[in-house]
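Residue numbers (UniProt numbering): 1 to 283.
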């Protein structure tokens, strides 16, 4: 069973011109028709940090969720954001960015790794009380550009701490597109064998020509949960390479189907989503 997580939030958040709330909602409502497992739809973070997502609560109010099978995930960066997100019954998952790199943790959430780990614990406790689940994104999980320590063993140390907190879903994240197929396979294989109770996902950024080989590498390692964004929109400002964006969902779908997986998606709705994506992102 493959889980595809569509990430319009990641695609939209770096766009400087504000996307109208009604347009965001229309795009998300179209994505809800496709049949993705989960949609990473918005975030509850400071509007100063991510102005594009300042209307997440208003967008949520415009979503038609009555027949939607997709679950909703919102990103939070601190306890206050988590508490804001937990007010909404419609949200199933809270995503938190925990970095293997101290430099990136400070840049991303203005906190140290030690402080961020305490935040993870606090969010986990609140999620359990509210019947929600936390998804922890281990960013810089395949290396970093800052010279901070990195090794697969270090990743394992982070996973062990998260396992102790009973986090059930961890998405290994390559924010800058440095992961090789060999490292992807090895990292997933080792972690999945060591922590079978945890669902591991892949949130990889990539140059377009490397998407398929990275998906196949993840599959070889036992990964069954993949994040992407239609047309590969979005990326990381620290990537320093405008071609390193999100994994294009349509390419991942083609690759997974070529590998023999049936994804149960509505292809006509996917085609409509791709058309609308071009409008939303002016592509």
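Where a beta carbon is used, it is the ideal one built from N, C-alpha and C, also for glycine.
Looking at the secondary structure, which residues open and close the alpha helix (DSSP H) in which residue i lies?
i	result
residue 209	Neither: residue 209 is in no alpha helix (DSSP H) and is coded neither H nor E.
residue 134	No alpha helix (DSSP H) holds residue 134; the beta strand (DSSP E) holding it covers 133 to 139.
residue 46	Run containing residue 46: none; DSSP gives neither H nor E here.
residue 164	152 to 164
residue 196	From DSSP, residue 196 is part of no alpha helix (DSSP H); its letter is neither H nor E.
residue 276	267 to 280
residue 104	102 to 109
Can you grab the Cα-Cα spacing for the pair residue i / residue j, in whole Å?
i	j	result
residue 25	residue 62	6 Å
residue 256	residue 151	29 Å
residue 121	residue 23	35 Å
residue 237	residue 16	Its pLDDT being 45, under 50, residue 237 is placed unreliably by the model, and the measurement read from it follows with that caveat. Answer to the nearest angstrom: the Cα atoms are 12 Å apart.
residue 29	residue 64	6 Å
residue 21	residue 51	12 Å
residue 146	residue 1	36 Å
residue 100	residue 200	16 Å
residue 92	residue 71	6 Å
residue 213	residue 258	12 Å
residue 247	residue 124	28 Å
residue 170	residue 139	10 Å
Looking only at C-alpha atoms, which of the options sits nearest to residue i?
i	options	result
residue 19	40, 2, 56	56
residue 132	94, 109, 145, 138	94
residue 249	14, 232, 146, 165	232
residue 178	186, 207, 195	207
residue 216	245, 229, 261	261
residue 286	276, 230, 253, 268	What is shown of the chain runs 1 to 283, which leaves residue 286 out entirely.
residue 165	197, 91, 174, 139	197
residue 280	31, 174, 84, 264	31
residue 195	176, 174, 173, 167	167
residue 155	113, 268, 118	113
residue 142	175, 159, 127	175
Just checking: is the beta-carbon of residue i within a distance shorter than 8 Å of some beta-carbon in chain C?
i	result
residue 270	The structure shown contains no chain C, having only a single protein chain.
How is the beta strand (DSSP E) around residue i delimited, first residue to last?
i	result
residue 72	71 to 76
residue 227	225 to 228
residue 65	First-last for residue 65: undefined, no H or E at that position.
residue 96	93 to 99
What does residue i pair with, by DSSP beta-bridge criteria?
i	result
residue 203	173
residue 40	73
residue 3	225
residue 248	229
residue 35	Answer is none; residue 35 lacks a bridge partner.
residue 14	None, per the DSSP bridge assignment.
residue 143	141
Confirm the yes/no value for this check: CB of residue i, any heavy atom of the ligand ADP, distance under 7 Å.
i	result
residue 119	In the structure shown, the ligand ADP is absent, as is every other ligand, since no ligand is present at all.
| message | Does the structure place the region 214 to 224 close enough to the region 186 to 195 that three or more beta carbon pairs sit under 8 Å? | response | The region 186 to 195, when compared against the region 214 to 224, does touch it at the 8 Å Cβ threshold.
| query | Is the region 63 to 81 close to the region 31 to 43, with three or more CB pairs under 8 Å? | reply | A contact exists between the region 63 to 81 and the region 31 to 43.
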